[in-house]
Amino acid sequence: MFSVSVSVEPGTVVVAVVVTAVALVIATQIYERIRRDQKYKFPGRIPGIPIFGNSFQIPAIQQGPWAKEKAEKYGEM
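Residue numbering for the sequence shown follows this note's numbering, starting at 2 and increasing by one per position.
In structure tokens:
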């Protein structure tokens, strides 16, 4: 069997651990910022009954213009 002996100074290990920790913190911050910016944008709250939402407000006829009006008012999701 081969035996490899490597001598490393204690200060070098501490520096390596600190640099790794700082790199992980920076990488995590960058990842969270990117993830937060790409989250799905929900529209503003449309008044309605919980669970049913505004399904009782949808007209029996001419749903298209009604939906277009709501889309213009509340914006793209």
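Glycine residues also receive a C-beta, built at the ideal position from the N, C-alpha and C atoms.
Judged by beta-carbon spacing, residue 49 lies within the 8 Å limit of residue 58, meaning their Cβ atoms are closer than that value. Each residue's CA atom was taken as its position, placing residue 35 and residue 25 some 15 Å apart.
One alpha carbon belongs to residue 33, the other to residue 22, and they sit about 16 Å apart. For residue 19, the enclosing alpha helix (DSSP H) starts and ends at 11–38.
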